[in-house]
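Below is one structure; the comments refer to it alone.
In my numbering, the protein residues as written are 12 to 352.
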């Protein structure tokens with residue numbers, strides 16, 4: 012029963028929308044509903060395995076501390092609630108899922124539907140939504156958001172039986188129609204781990220460097236704007252907020268008044284908002300991740316997502332929260348299976 016409900020929720024998580032309702036507001040509501048449904052399903056299901064959720068506890072402790080150090084600010088409290096629901100999803104998935112590989116197929120099915128909707132939008136047929144921003148992106152909202160989903164799904168496609176269909180589909184939807192360069196970086200990362208020749212790896216490294224140079228030459232305004240944001244936030248962070256952070260959801264610096272995606276880096280945003288506790292948790296988590304790292308599809312998916320988070324903001328796209336939490340839960344299951352074998 013748990014696996015069946017999880018398949019439905021995973022399938023709907025990137026597709027459900029409400030016309031004339033802001034994406035961020037509706038996506039957060041749908042995420043909350045999904046977690047509630049999954050928790051109720053767990054009540055009626057048999058637990059499959061146990062694990063020690065110390066990293067999840069530490070993650071929540073960072074944000075609970077953030078609530079106290081910022082005087083119970085409502086925005087910080089809202090972020091702490093979302094972090095708890097994310098952690099709860101990871102815990103439920105890792106504890107109750109019986110066959111996680113069968114659920115991954117439904118993530119691919121969801122992406123295929125998104126791609127079909129994208130084709131209709133490109134030909135002028137906007138099926139459900141009346142405002143998608145400046146670009147089309149299926150039901151994700153726009154192409155940058157769709158590219159974040161593609162970066163999460165592409166490593167899984169490399170190990171799928173239908174990879175000769177899925178990989179071209181993902182690359183066409185985000186890399187060809189209106190190029191989103193992060194998808195090429197993820198493709199090269201996956202290819203890097205699949206080849207054993209140092210010569211080919213050298214070529215891949217050259218390709219990655221070439222992409223970085225090309226992106227800078229073609230988009231200098233966007234990149235320099237991000238660097239300017241980083242400088243202003245770093246200045247205020249190290250002079251005033253380095254212990255407790257700016258506070259999750261609170262405007263970072265009075266000079267720019269930025270919040271959420273305007274930081275243009277999920278990794279930096281996490282450190283800026285949580286301060287020293289968040290930086291310590293992040294370093295410890297990265298060490299644990301790389302100690303258990305294998306070139307599996309799930310490991311590469313989380314690794315690729317983490318790498319693009321250095322210069323992009325995928326963790327701030329609420330539509331991805333449920334799928335991301337599910338994949339992290341699957342990674343925990345896979346690691347436990349590897350330990351037993």
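For each residue, glycine too, the CB sits at the ideal point set by N, CA and C.
Three-state secondary structure (DSSP) of residue i
| i | result |
| --- | --- |
| residue 348 | helix |
| residue 256 | coil |
| residue 135 | coil |
| residue 88 | helix |
| residue 70 | helix |
| residue 30 | coil |
| residue 170 | coil |
| residue 283 | helix |
| residue 143 | Only weak support is given to the placement of residue 143: the predicted model assigns it a pLDDT of 48, under 50, and the value that follows is read from those uncertain coordinates. The answer is coil: DSSP assigns residue 143 none of H, G, I, E or B. |
| residue 372 | The requested residue 372 does not occur in the structure, where the chain is confined to residues 12 to 352. |
| residue 117 | helix |
| residue 292 | helix |
| residue 275 | coil |
| residue 238 | helix |
| residue 323 | coil |
| residue 82 | coil |
| residue 261 | coil |
| residue 208 | coil |
| residue 108 | coil |
| residue 328 | coil |
| residue 25 | coil |
| residue 155 | helix |
| residue 179 | helix |
| residue 93 | helix |
N- and C-terminal bounds of the alpha helix (DSSP H) containing residue i
| i | result |
| --- | --- |
| residue 46 | 34 to 54 |
| residue 191 | Residue 191 -> no alpha helix (DSSP H), and no H or E assigned at all. |
| residue 58 | Here residue 58 belongs to no alpha helix (DSSP H), and DSSP marks it neither H nor E. |
| residue 306 | No alpha helix (DSSP H) contains residue 306, which DSSP labels as neither H nor E. |
Residue i, buried or exposed, once every other Cβ within 10 Å from all chains shown has been counted against 16
| i | result |
| --- | --- |
| residue 184 | buried |
| residue 206 | exposed |
| residue 24 | buried |
| residue 33 | exposed |
| residue 345 | buried |
| residue 72 | exposed |
| residue 82 | exposed |
| residue 100 | buried |
| residue 6 | This structure leaves residue 6 out entirely; the chain is present only between 12 and 352. |
| residue 154 | buried |
| residue 30 | exposed |
| residue 211 | exposed |
| residue 348 | exposed |
| residue 121 | buried |
| residue 143 | For residue 143, the predicted model reports a pLDDT of 48, less than 50, meaning its position is unreliable; a value from the coordinates is still stated below. Buried: at least 16 other Cβ atoms inside 10 Å. |
| residue 85 | exposed |
| residue 194 | buried |
| residue 335 | buried |
| residue 125 | buried |
| residue 107 | buried |
| residue 111 | buried |
| residue 216 | exposed |
| residue 275 | buried |
| residue 238 | exposed |
| residue 191 | buried |
Per DSSP, the bridge partner or partners of residue i
| i | result |
| --- | --- |
| residue 148 | 150 |
Rounded distance between the beta-carbons of residue j and residue i, thought under 8 Å
| i | j | result |
| --- | --- | --- |
| residue 329 | residue 38 | 4 Å |
| residue 70 | residue 98 | 6 Å |
| residue 326 | residue 104 | Going by Cβ atoms, the distance from residue 326 to residue 104 rounds to 18 Å, so no, they are not a contact pair. |
| residue 92 | residue 46 | About 11 Å; that fails the 8 Å criterion. |
| residue 279 | residue 252 | That belief does not hold up - the Cβ atoms of residue 279 and residue 252 are roughly 13 Å apart, past 8 Å. |
| residue 149 | residue 129 | 4 Å |
| residue 79 | residue 94 | Rounded, the Cβ-Cβ distance is 15 Å, inconsistent with contact. |
| residue 199 | residue 178 | Residue 199 to residue 178, Cβ: 13 Å. No contact. |
| residue 167 | residue 312 | 6 Å |
| residue 201 | residue 165 | 7 Å |
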